Amino acid sequence: MILAIASGKGGTGKTTVAVNLARAVSCLPAKGSHTAVHFVDCDVEEPNAGLFLHPEIVQQREVGVLVPDIDLRRCTYCGRCAEVCQYNAIAVVQQKVLFFPELCHGCGSCTLNCPEGAIAERLRVTGVIEWGTAEGALSFAQGTLNVGEAMAGPVIRQLKQWAIPRRTRRALVILDAPPGTACPVVEALSGCDMALMVTEPTPFGLHDLRLAVQVARDELGLPVAVVINRDGVGDSGVEDYCTSEGIPVLLRIPMDRRIAEAYSDGKLVVDAIPEYRTRFQELYQRIKQGAAS
Amino acid sequence: MRVAVTAEGNNLDSPLCPIFGRCPVFVFVETDTMTFDAAPNPAAGTRGGAGIRAANFVVAQGAKAVVTGNVGPNAQRVLDSASLPVHLAAAATVREAVEAYKAGDLASKSAS
């Protein structure tokens, strides 16, 4: 099962839930019926799960976007490449070809359409993906987008291709998605089996939860469930919304200073406060039950 | 000389548009005669790279200079390649901006 942990509003506790769920399940005898647990940190603009899981990274690979490499000896400055580029990444002006790498999405249109065959593709590195293991035989992978790059999508896509095992029925893949509801989130959620939304019971939390549910459930067709974090700080808007939409709330984490103290020390809540290990294991059981129905 | 002016409307009394890539209209003014023609900016609604597309358009329309409030780095690069100087104006209308250009009152901007 590929379980995505998403949110909508940032800062609600996505990574907290993802890493603690991963550790809690790893601690179960026989990992609770899954043969292996894989953690994939897809928040490539600021991957932070590693701060809590302390993986030992053993493999690394550079990833990026395939961009055009134009052979000016064959180029006739016809401008066809610029015409077909949907992203305005190429301009042909007075016997000069200008390329704008940050705009290039690596679609290959220019390469395919050049009448002189003057364009080859080369890899422009925009990030790195890494793999290793963490405590409890947890398989860990993360992607990191290079500073200054605008497109997280290609790194996320290549991370998922590399890190997610081909057969996922007996494996539990916990995927920490980026915040928000834009392209990086869509890339992360695509192909997952379920989206667990972590939210806070406030008007901001509710506003962005609605958007996130729209993307995950209505656009991508994923089953969704909710975890309410910092329960008690706000109002009943999120609960009322989930009830009226028939979205199950699988866990409510109260506003608990001990949790903040634990994570500010880089500690897993399920290690620092044993009662939460039980609660996260219960969350896992509810997820499994829901998936079975 | 044919000058491209970023505008909010399609004649000389239209307000000058302070931006280049996504301005609604380009007014092309023949500075010797003050005759003009106008065209909607094809880059106005584009998702990304608007400045590049707008610059290409202006070059293809035969402009020899640009008068605007400001251009971004991508458009600047395209205009520099085509040797089109960019002149920055703070005038209220297209007409006033062109008059200021003709009087030599405008600063030019180049990528350096």
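Chain order of the listed sequences is A and B. Under our numbering, think of the first position of the first sequence as 781, with each following residue one higher. Under our numbering, think of the first position of the second sequence as 462, with each following residue one higher. Built from N, CA and C at the ideal position, the CB exists for glycine as well. Bear in mind that the values here come from a model prediction, so they are computed numbers and not experimental data.
Measuring alpha carbon to alpha carbon, tell me which residue in the options is nearest residue i.
i	options	result
A/P848	A/C861, A/R1037, A/Q922	A/C861
A/L846	A/P945, A/V905, A/V1007, A/R997	A/V905
A/G859	A/V877, A/E842, A/A957	A/V877
A/G1014	A/V817, A/E980, A/G1001	A/E980
A/T856	A/Q875, A/Q1069, A/V838	A/Q875
A/G897	A/R937, A/V966, A/I1008, A/D851	A/D851
B/A551	B/P479, B/S542, B/P501, B/G506	B/P479
A/Y1056	A/A802, A/G790, A/S970	A/A802
A/A1052	A/T796, A/V953, A/V873	A/T796
A/E836	A/P934, A/A1042, A/F920, A/T815	A/F920
A/C972	A/V1049, A/R853, A/P809, A/T948	A/T948
Spatial neighbours of residue i within its chain, please: CB distance less than 7 Å, with the 5 preceding and 5 following residues excluded, ordered by chain position.
i	result
B/S573	Because the pLDDT at B/S573 is just 47, under 50, the model does not fix this residue reliably, and the point stays unresolved.
B/V559	V464, V466, V490, T492, V528
A/Q840	V908, E910
A/A968	A784, C822, I936, L955, A957, P958
B/A536	F481, G482, G512, I513, A515, A516
A/P827	D821, Q922, G923, T924
A/A951	H814, T815, A816, H818, P945
Is it the case that the Cβ atoms of residue i and residue j are separated by a distance below 8 Å?
i	j	result
A/I782	A/L892	no
A/I1027	A/V1007	no
A/L939	A/E825	no
A/L1002	A/A975	yes
A/G790	A/G960	yes
B/A543	A/V873	yes
A/A1077	A/L833	As displayed, chain A neither begins before 781 nor continues past 1073, which places residue 1077 of chain A out of reach and without an answer.
A/G1012	A/M1035	yes
A/A829	A/A798	yes
Can you list, in chain order, the residues of its chain whose CB lies under 6 Å from that of residue i, leaving out five sequence neighbours each side?
i	result
B/D498	F489
A/E901	L846, T891
A/C1005	Here the sequence assigns Ala to residue 1005 of chain A, which means Cys is not the residue at that position. Excluding positions up to five away in sequence, the list reads L976, P1028, L1030.
A/G844	L903, R904, V905, T906
A/R1010	E980, M1035
B/P546	A526, S569
Write down the C-beta distance between residue i and residue j rounded to the nearest angstrom, noting that I regard them as a contact closer than 8 Å.
i	j	result
A/A996	A/P958	Incorrect: roughly 13 Å between the Cβ atoms, too far for contact.
B/L549	B/A516	Not confirmed; about 15 Å, so no contact.
B/V578	B/S475	There is simply no residue 578 of chain B to check, as chain B begins at 462 and stops at 573 in what is shown.
Leaving out the 5 sequence neighbours to the left and right, which residues in its chain are closer than 8 Å to residue i when beta-carbon positions are compared?
i	result
A/E1019	P981, I1008, V1029
B/K563	T492
A/L986	T979, G1017, V1018, Y1021
message: Going residue by residue through the region 817-850 of chain A, where are the continuous beta strand (DSSP E) segments of at least 3 residues, counting only ones entirely within it?
response: 836-850
field: Sequence ranges, alpha helix (DSSP H) only - wholly within the region 934-1021 of chain A, length at least 4
entry: 963-969, 983-993
message: Quick check on the DSSP output: what are the complete beta strand (DSSP E) runs of length 3 or more inside the region 865-938 of chain A, in order along the chain?
response: 870-873, 876-879, 899-914, 918-925
message: Going residue by residue through the region 1016-1073 of chain A, where are the continuous beta strand (DSSP E) segments of at least 3 residues, counting only ones entirely within it?
response: 1029-1034
task: Starting from the N-terminal side, write out each stretch of the alpha helix (DSSP H) that is 4 residues or longer and does not extend beyond the region 534-567 of chain B.
output: 534-542, 555-563
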